[in-house]
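Structure record follows, encoded as structure tokens.
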Amino acid sequence: MNAEVLNLDQRRQAIQRGLQHYFQGNHLEQIVGYWEQEYSEQPAFVLNRFLSEICTTEELKQNRKDMLKQVLHELTILEKSGWAASKDEEAVSLNQMAQYRAYMEFGESVLGQVQLDDQKDFHMELGQQLVCDQILLQETCQKLWKSVDLLSHVSSKNYARAITSLYQVFCDFYGPQRSDQVYAQAKNLIKQKYPEANLQQLL
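To convert a position in the sequence shown, counted from 1, into our numbering, add 57.
Printed below as a string of structure tokens:
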């Protein structure tokens, strides 16, 4: 159990909860204040020394082991709740990364079907479409020289709209039938490669 990962307020809360069955009111506040002053910067293993100092009566001395168990229990609860929160944040971050990679690979798959002679004009029209759809600013598009770079500058909330814009431009160049085929291939690709990505948010 690593109490050092908890901040001062969390450890103070654990000490207070762990001792509230043995000390009450102002006495409890004084003891917690003493811990904060003398022991809050110390590692968790000195808790036993702290408890030996505050257990001044025979009854308290007999309960010292139970106090230690209770305090450690409260510290563990707080540590686990913090760990769970950090894991949730990590999971969200990983999902966002998967979504970005799926989006970019989808775009790259479609752009890979643009014929070499069309790439310059395609890039210009895609930039105009993204500006028209209010997905990118004109100033941003003017600084980017590749279609894939245009897609990479789209914010996550606009992934689906950017893919729709890309579809419209692809249709202008190669027609809806060819566009549907290319999009179906790209969809199958990312579905297999990024099963954790949410396709409904992309397409």
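Virtual Cβ for every residue (Gly too), placed ideally from N, Cα, C. Nothing here was measured: the structure is a model prediction, and the numbers come from that model.
Here's the rule I'm using: 16 or more other beta-carbon atoms within 10 Å means buried, otherwise exposed. How should residue i be labelled?
i           : result
residue 189 : exposed
residue 149 : Any reading at residue 149 needs caution, since the residue's pLDDT is 47, under 50, leaving its predicted position unreliable; the model's value is listed next. It is exposed - the Cβ of residue 149 has fewer than 16 other Cβ atoms within 10 Å.
residue 124 : buried
residue 92  : buried
residue 180 : buried
residue 212 : exposed
residue 108 : buried
residue 86  : exposed
residue 131 : buried
residue 168 : buried
Check for me: the alpha helix (DSSP H) holding residue i runs from which residue to which?
i           : result
residue 84  : 82-95
residue 222 : 216-250
residue 98  : Taken as a continuous stretch (DSSP letters only), residue 98 belongs to no alpha helix (DSSP H), as it is neither H nor E.
residue 113 : Segment: none, residue 113 is in no alpha helix (DSSP H) and carries neither H nor E.
residue 210 : Run containing residue 210: none; DSSP gives neither H nor E here.
Let me make sure I understand the geometry here. Which of the options has the alpha-carbon closest to that of residue i?
i           : options            : result
residue 65  : 77, 228, 97, 232   : 97
residue 215 : 192, 230, 99, 209  : 192
residue 110 : 135, 170, 230, 88  : 88
residue 183 : 165, 194, 196, 207 : 207
residue 241 : 116, 68, 195, 163  : 163
residue 72  : 104, 231, 83       : 104
residue 122 : 106, 174, 94       : 106
residue 115 : 133, 93, 79        : 79
residue 171 : 252, 85, 236, 100  : 236
residue 173 : 158, 99, 194, 203  : 203
residue 166 : 95, 232, 239       : 239
residue 243 : 201, 200, 120, 158 : 158
residue 205 : 194, 195, 220      : 220
residue 94  : 118, 117, 69       : 69
residue 117 : 254, 77, 224       : 77
My assumption, with CB atoms under 8 Å, is that residue i sits in contact with residue j. Please give the rounded CB distance.
i           : j           : result
residue 160 : residue 246 : That pair is no contact at about 12 Å.
residue 256 : residue 248 : 6 Å
Please say whether residue j and residue i have beta carbons closer to each other than 7 Å?
i           : j           : result
residue 156 : residue 75  : no
residue 67  : residue 135 : yes
residue 222 : residue 186 : yes
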